[in-house]
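Q:
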Amino acid sequence: MNKPLLKSITALLVITAALTSCQDEENPLVGGQATRLTARLDGLSEKPASNTSTATGTFNGILNEVTGVLNYTVTYQGLTPTAGHLHRIPTTSTNGVGPVDIPFPSLTSPIIASTTALSQDQISAMKAGQYYANLHTSRFPGGEIRGDIKLQ
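As structure tokens, then:
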């Protein structure tokens, strides 16, 4: 094989490898380092007791397992929240509720946010389904809509 052709093929392979490893919104990480998370929020999912709210919402997140950063979006309709956050359910919980672990930085839909680096313990709990998204209102101060976060 002649040298100019070999150089051209090598350059093409390097460019192709670089382009296929690029990160973007559709492919934020390569090598299985991103975990996609999702939840549907509604009143029937509230615990310890469901409610009759017709409001609904969604949670979608991408957890970067290398940096520990969770990028997420929460959308909702049919309510005016007074508080919103991610709760972590302790393994000792008997009623499926837990303390606030990650507060939402705003309450205007869509809520688009990123966390600081989560601990390995938080990452493991998130992947194990021990978190839920919750929006509270004056009508339902204990929580109007909730969604258990699951792997997508």
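Throughout the sequence shown, residue numbering follows mature numbering (1 follows the signal peptide of the UniProt record, and there is no 0), covering -23 to -1, 1 to 129 in sequence. Cβ coordinates follow ideal geometry from the N, Cα and C atoms, glycine included. Predicted model, so just to flag it, every value in this text is computed and none were measured.
For residue 29 and chain B, any beta-carbon pair shorter than 8 Å?
A: Reference to chain B is not applicable here, since this structure consists of a single protein chain.
Q: I need the DSSP call for residue 79, collapsed to helix, strand or coil.
A: Strand, per DSSP.
Q: Report, in whole angstroms, the separation of the C-beta atoms of residue 121 and residue 26, which I expect to be a contact under 8 Å.
A: Their Cβ separation, rounded to whole angstroms, is 12 Å, which puts residue 121 and residue 26 out of contact at 8 Å.
Q: Cα-Cα, which of 125, 22 and 112 is closest to residue 55?
A: It is 112.
Q: Just reading off the beta strand (DSSP E) that residue 16 is part of, what are its end residues?
A: Unbroken beta strand (DSSP E) run through residue 16: 11 to 19.
Q: Taking 7 Å as the limit between beta carbons, can you name the residues of its chain near residue 75, skipping five residues before and five after?
A: Result list for residue 75: 64, 65, 66 and 67, in chain order.
Q: Express the C-alpha separation of residue 57 and residue 114 in angstroms, rounding to a whole number.
A: Roughly 6 Å separates the two Cα atoms.
Q: Candidates 117, 129 and 128: which alpha carbon is nearest residue 20's?
A: Answer by Cα proximity: 117.
Q: So if DSSP puts residue 125 in a beta bridge, which residue, or which two residues, is it bridged to?
A: The partner list for residue 125 (beta bridge, DSSP) reads 109.
Q: Measuring CA to CA, which of 10, 94 and 61 is closest to residue 80?
A: Comparing Cα positions, the closest option is 61.
Q: Are there 16 or more other CB atoms within 10 angstroms of the CB of residue 30, so buried, or fewer, so exposed?
A: Classification of residue 30: buried, given that the 10 Å Cβ count is 16 or more.
Q: Could you check which residue in 34, 18, 50 and 38 has the C-alpha nearest to that of residue 88?
A: Of the listed residues, the one whose Cα sits closest to residue 88 is 50.
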